[in-house]
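Heads up: the structure comes next, in structure tokens.
In the working numbering, the protein residues as written are 645 to 840.
As structure tokens, this is what we get:
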């Protein structure tokens, strides 16, 4: 029994040294930097080694929380905005060209109720998948076991509790498909386009 406890403590210490501590140091040293194209790419480059896999041009804003980063796979040209909370214990795949707006929550585990306690009831894990070119708007939550199709938009404050197909707009609590995604021709690409 003591041997099992000692082994578990040892594994936890190794895990903390391998993932949370270095991530915390990276965030501590980069969060004070201004938000611009250089620093968001710099944060992405520093965080890359801690993820299971990561494509090129990962862009990260400030104050992002990564839990269990060894279960997170991120594609090319992904942007994650300020304050996102992302858990990869159950496996998370974020494909290319995905944008997560501020304060998005992605969880790949859910609490279990056992012996009259949620806190000590343990967890169940299930993977989350976000398809290529999707946009998850601010304050949305994606729960474990959900898949979001390619080119899909998830509206602000939505709670995704089931799979969402490709190329649709979904919002609400729980998130429901409102209709097909409507594509509009852009008239601004950078802030310089607005200056006359």
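No residue lacks a Cβ here, since even glycine has one placed at the ideal position from N, Cα and C.
Following the DSSP letters along the chain, one finds residue 646 inside the alpha helix (DSSP H) bounded by residues 646-662.
Taking each of 756, 751, 777, 687 in turn and checking the Cα distance to residue 785, the smallest one comes out for 751. Setting aside the 5 residues that flank it on each side, residue 755 is surrounded in the same chain by 762, 765, 767, each with a C-beta closer than 7 Å to its C-beta; the list follows chain order. Annotation: the continuous alpha helix (DSSP H) that includes residue 682 extends over 681-691.
A direct Cα-Cα distance of roughly 5 Å separates residue 721 from residue 701.
Per DSSP, the beta bridge partners of residue 773 are 737, 791. In this structure, the beta-carbon distance from residue 753 to residue 782 does not fall below 7 Å. According to DSSP, residue 671 shares a beta bridge with no other residue. Annotation: residue 705 to residue 813 spans about 25 Å, alpha carbon to alpha carbon. Residue environment analysis places residue 712 among the buried positions, since at least 16 neighbouring C-beta atoms fall within 10 angstroms of its C-beta.
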